[in-house]
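Participant: The structure's right below; bear with me while I get my questions together.
Numbering (the numbering used here), first residue to last: 2 to 91.
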């Protein structure tokens with residue numbers, strides 16, 4: 002909830018942070034074809050360290066969405082009530 006309040010109070014700063022995150026992940030995707038899985042995992046872990054705090058609760062929601070898209074429902078992970086709500090709203 003703090004993230005929502007922070008976004009409402011300082012939207013320009015939050016938008017800039019989200020755009021920086023987008024550029025960071027786009028650069029990682031562009032390099033991914035030339036890297037092995039272990040290196041990608043390491044770079045992804047490093048990239049996540051500076052993500053905007055609003056992103057973290059959405060990771061499990063996004064993961065479950067992908068598992069359903071690739072027809073792997075047994076790989077779903079439990080979601081908190083707030084994550085379930087975010088999944089419905091997303």
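We put the beta carbon where it would ideally sit given N, CA and C, even for glycine.
Just so you know, these numbers come straight off a predicted model, no measurement behind them.
Suppose you measure from the CA of residue 44 to the CA of residue 82; what does that come to, to the nearest Å?
Facilitator: C-alpha separation (whole angstroms): 30 Å.
Participant: Among 91, 62, 89, which residue has its Cα nearest to the Cα of residue 77?
Facilitator: Closest by alpha carbon: 62.
Participant: Here's the rule I'm using: 16 or more other beta-carbon atoms within 10 Å means buried, otherwise exposed. How should residue 18 be labelled?
Facilitator: Per the 10 Å Cβ criterion, buried.
Participant: Assuming residue 53 and residue 15 form a contact by the criterion Cβ under 8 Å, report the distance between their Cβ atoms to the nearest whole angstrom.
Facilitator: Yes, they are in contact, since the Cβ atoms of residue 53 and residue 15 sit about 7 Å apart, within 8 Å.
Participant: Which residue spans inside the stretch 52-89 form an unbroken beta strand (DSSP E) run of at least 3?
Facilitator: You should have found no qualifying run.
Participant: Mapping the DSSP letters down to three states, classify residue 20 as helix, strand or coil.
Facilitator: It is helical.
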